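Heads up: the structure comes next, in structure tokens.
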Amino acid sequence: KLCEGILNILEKDTKTSCRVACLEALRILSRDKKVLVPVTTKRNMQILMKLAKLDTVEDPLERVSEFPVIVEALKCLCNIIFNSSVAQKLSLELNLAAMLCNLLQKCKDRQLVDDIKCFDLRLLFLLSLLHTDIRAQLRQELQGVQVLTQALESSLSVRWTEEYKAAEDRDRPPLSLQETDCAIEALKALFNVTLDSWNVHSKNESHQFRYMAAILRHCLLTTGPTEEKTEELH
């Protein structure tokens, strides 16, 4: 009942601070699988997807004041997808992976969106881990390898000297914590999406994997903000 009450409030046009507080409470509650059973419905998933800006293709990320709501809604979806097999099935029906890829593209070349990007990538990782049909959808329909590789490239701030050779700057500062976390989530999702990619057929696929290999090499030469984070990145 508490979760339903929170979701009913979130469906209304309330203040940003109220939405963030409600989402924070829902995120904590959504760690309990028993609590999720009655609230994991198509309607409730759509409420959270709307708050995470996953319900529209055209709407750009312009209002910085909305960013905390987007991040908290994505965090809630991460917990719900992880803890509910019903939510995992609904994700395919609601085309969640395609909407996440679209949101990821909106984050491209924008400031102050690292948290949005990070939890978008984490949700893609969870979907590709827990649902084989979504993993196949990402690989075959949504150009997931390309989308995720570009997200990784952006997080690592790769500069190119040749087509498949990244610039080596041994004096560059370590990645920030946010950049490192985004890169780690992108790598985890890429692993899942490329898991069955041992047989590369087309010229475009060959290019994509050579491009990715160059970025992975660059990643191994990159350091994070701490020794532990660098180890996790590598």
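Okay, so the sequence shown: first residue is 128 according to the working numbering, each after it adds one.
C-beta atoms are modelled at their ideal positions from N, C-alpha and C, and glycine is treated no differently.
The structure displayed is predicted, hence computed values, not measured ones.
Option in the options with minimal Cα separation from residue i
i    : options                   : result
A341 : P195, E280 and R299       : E280
D260 : W287, L217, V240 and R170 : L217
K161 : Q270, V213 and T141       : V213
L253 : Q270, Q277 and L227       : L227
D323 : F194, R262 and E354       : R262
I174 : K139, F194, L251 and V272 : K139
F336 : V272, E312, T288 and E306 : V272
E306 : D242, V196, K180 and P195 : D242
A179 : V147, D159, S157 and R158 : V147
R237 : R190, N171, H334 and N135 : R190
A225 : Q267, P195 and I197       : Q267
N171 : V196, I197, L137 and P300 : L137
C145 : L343, N319, P195 and E355 : P195
Whole-angstrom C-beta distance between residue j and residue i, which should lie under 8 Å
i    : j    : result
L275 : L317 : 5 Å
L360 : A310 : 6 Å
N210 : L163 : 6 Å
L250 : K169 : In fact, because the Cβ distance is near 17 Å, the residues do not count as touching under 8 Å.
E193 : T143 : 7 Å
L188 : V240 : 6 Å
Same chain, Cβ closer than 6 Å to residue i, neighbours up to 5 away in sequence not counted
i    : result
D182 : M176
L304 : P352
T288 : A294
T167 : S211, V213 and A214
I197 : A179, K180 and I243
Residue(s) in a DSSP beta bridge with residue i
i    : result
F292 : The question names Phe, yet the displayed sequence has Lys at residue 292. According to DSSP, which records beta bridges pairwise, K292 is partnered with E289.
Neighbourhood of residue i by C-beta distance below 7 Å, restricted to the same chain and skipping five residues each side
i    : result
T357 : T350 and G351
R154 : E199, K202, C203 and N206
H345 : L283, V285 and A293
D308 : C245
I133 : C149, A152 and L153
L314 : L279
L348 : E295
Distance cut-off 7 Å: residue i Cβ against heavy atoms of the ligand PLP
i    : result
Q273 : Ligands are entirely absent from the displayed structure, and the ligand PLP is therefore not among its contents.
Proximal residues to residue i (C-beta, below 8 Å), its chain only, five neighbours per side dropped
i    : result
D247 : L201, L227, L230, L231 and C234
Q277 : K235
Y291 : R337, Y338, A340 and A341
L269 : A224, A225 and C228
Closer than 8 Å to chain D by CB, residue i
i    : result
E312 : Protein chain content of the structure displayed is limited to a single chain, and chain D is not contained in it.
Checklist entry - Can you list the alpha helix (DSSP H) stretches of 4 or more residues lying completely in the region 215-243, in chain order? => result 223-234
Next on the checklist: Just to confirm the assignment: which complete alpha helix (DSSP H) runs, minimum length 4, are found wholly within the region 157-191?
Outcome noted: Runs found: 160-163 and 169-178.
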